[in-house]
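Numbering (this note's numbering), first residue to last: 3 to 439.
Data first, discussion second: the structure below is written as structure tokens.
The structure is reproduced here in structure tokens:
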């Protein structure tokens, strides 16, 4: 939503006083609150006009109507765990993490939730009935609304896809304050829907049809990317899926107030392989071979992150020799534990004994052992951001999408740039989807 980019103190107080008369939720316009909400997990800092914590959907509707009329930007915010400044802006921050935390309905294969629900809490609730929401971001404390806004993926996206593949319907607030439900629906507007929504459907259909060739031609070749709106797989001959379009739009097209998500059964069997390598480029070659076997996840950790993991967890030193420059974590899911174990052992044998690429290999086939191996990765970021001293890590280039087969060349060129600037970087690759952290 376009709006004013700079607001002086009298204007800020005027906006706050206006909102007091129309909202039930909290209004945080003091200097401390604005300072707190000016940062997130990224390197950026943007001071907002103020912060609105809506109490319910009616509050969101009233806020959007006011903001649209007065051309004030709205920036929805969840847990603030994003590393690219997605939750920052110089308008009004809309904090949906406090009052929109309800799991509204759990069905046989769906769940209806509000955007402030924390991913880890939903995972725990669904596990009780043997289900899961398949996307699994690295930070389990993120909110579902943040996942919808960024089309979050995680380590298991190679098998299970991205957030937009698991969102059936969204309830959103449009720029005129209408609250509507959208998903896959007829591409021809019908009378019982919102007049504003009908206009949007017509405009979007026209836009997508007029530029269909460009959308297809310019679609990124990578499975993972964070560039622009996700316009592919939205329109077909009979229907338009506005939910798929809205996922990944980072709050720029509408505000989310709830969603219906598809859930999947927990796997019947799971196995994890941890492999150590003396060279990073060797690990990347092994990752390409591993990805061809159809794993659920395939993550590569470089030596700097591996050193942090060794320092924070003694078990890592027991698993990975000190000479290892990289570690590959490969996970398989199957209908039975025996099938998952077979796939894991075959990969370990191939990469260590046959291809002679891996320095070491450890296979885990029960849940506690699998979690122990994944702990190598999960221990990294708390250790990274807990470093003492004057030198601190910065997530500067985040979520790069690279065709998996081009990762070795990409890494080589990045290292050349870093050497020219006399700096260093650490890497975590989701190698099967080509996502680089």
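Just so it is clear, CB atoms sit at the ideal spot from N, CA and C, and this is done for glycine as well.
Given residue i, which residues of its chain have a CB within under 8 Å of its CB, disregarding the five upstream and five downstream residues?
i           : result
residue 217 : 210, 233, 234
residue 48  : 40, 87, 90, 91, 92
residue 35  : 52, 53
residue 101 : 27, 55, 56, 57, 58, 118
residue 424 : none
residue 288 : 277, 279, 330, 353, 357, 359, 360
residue 369 : 272
residue 372 : 272, 273, 274, 333, 366
Starting from the Cα of residue i, find the closest Cα among the options and give me that residue.
i           : options            : result
residue 17  : 179, 164, 70       : 70
residue 120 : 321, 141, 314      : 141
residue 98  : 258, 127, 422, 276 : 258
residue 405 : 270, 207, 437      : 437
residue 433 : 417, 416, 418, 409 : 409
residue 72  : 21, 261, 143       : 21
residue 237 : 220, 185, 262, 274 : 185
residue 149 : 75, 164, 158       : 164
residue 131 : 115, 400, 146, 110 : 110
residue 312 : 273, 378, 60, 37   : 378
residue 440 : 429, 393, 407, 376 : Residue 440 is absent from the structure shown; the chain starts at 3 and stops at 439.
residue 277 : 323, 252, 122, 203 : 323
residue 304 : 427, 122, 392      : 427
residue 231 : 151, 289, 293      : 151
residue 144 : 112, 199, 42, 224  : 42
residue 75  : 254, 321, 374      : 254
residue 252 : 394, 154, 123      : 154
residue 318 : 347, 376, 291, 290 : 376
residue 291 : 401, 420, 351, 137 : 351
residue 412 : 200, 213, 286      : 286
residue 33  : 11, 19, 23         : 11
Going by beta carbon distance, what residues of the same chain come within less than 6 Å of residue i, once the five residues before and after it are set aside?
i           : result
residue 95  : 39, 50, 53, 77, 79
residue 345 : 334
residue 440 : Residue coverage of the chain in this structure runs from 3 to 439, which leaves residue 440 outside it and unanswerable.
residue 161 : 298
residue 222 : none
residue 147 : 80, 98, 117, 258
residue 114 : 106, 107, 262
residue 189 : 207, 241, 242
residue 306 : 428
residue 122 : 142
residue 156 : 137, 138, 139
Secondary structure at residue i, three-state DSSP: helix, strand or coil?
i           : result
residue 435 : coil
residue 134 : strand
residue 264 : strand
residue 372 : helix
residue 7   : Since pLDDT at residue 7 reaches only 44, below the 50 mark, its modelled position is unreliable, and the value read off the structure follows with that caveat. Looking at residue 7 - three-state DSSP - the assignment turns out to be coil, as it is neither helix nor strand.
residue 72  : helix
residue 175 : strand
residue 160 : helix
residue 121 : helix
residue 242 : strand
residue 199 : helix
residue 352 : helix
residue 428 : coil
residue 423 : coil
residue 334 : strand
residue 277 : strand
residue 106 : strand
residue 58  : coil
residue 188 : strand
residue 406 : helix
Which residues in the same chain have their Cβ closer than 7 Å to the Cβ of residue i, if we skip the five residues on either side of it in sequence?
i           : result
residue 134 : 125, 128, 265, 266, 268
residue 396 : 45
residue 4   : At residue 4, the pLDDT of 42 sits below 50, so the modelled position is not reliable; the number obtained from the coordinates is stated separately. These residues qualify, in order along the chain: 73.
residue 7   : Confidence in residue 7 is poor, its pLDDT being 44 and thus under 50, which makes the residue's placement unreliable; the coordinate value appears in the next sentence. Taken in chain order, the residues that qualify are 92.
residue 14  : 31, 51, 52
residue 256 : 174, 175, 176, 248
Under the assumption that residue i contacts residue j (Cβ atoms under 8 Å), give the Cβ distance between them as a whole number of angstroms.
i           : j           : result
residue 363 : residue 353 : 7 Å
residue 403 : residue 226 : 4 Å
residue 263 : residue 431 : In fact, because the Cβ distance is near 27 Å, the residues do not count as touching under 8 Å.
residue 1   : residue 359 : No information on residue 1 is available, as it lies outside the stretch 3 to 439 that the chain covers here.
residue 367 : residue 273 : 5 Å
residue 355 : residue 260 : No, residue 355 and residue 260 are not in contact; Cβ-Cβ is about 52 Å, not under 8 Å.
residue 61  : residue 25  : 5 Å
residue 182 : residue 204 : Rounded, the Cβ-Cβ distance is 15 Å, inconsistent with contact.
residue 300 : residue 309 : 21 Å between Cβ atoms; not a contact.
Under 7 Å, Cβ to Cβ, is there at least one residue of chain C near residue i?
i           : result
residue 432 : Reference to chain C is not applicable here, since this structure consists of a single protein chain.
For the segment 159-175 against the segment 229-248, are there 3 or more C-beta pairs whose distance is under 8 Å? yes
With contact counted as at least three CB pairs below 8 Å, one residue from each stretch, are the segment 276-283 and the segment 321-337 in contact? yes
Evaluate the contact criterion for the segment 53-68 versus the segment 174-188: three or more CB pairs, one atom per stretch, below 8 Å. yes
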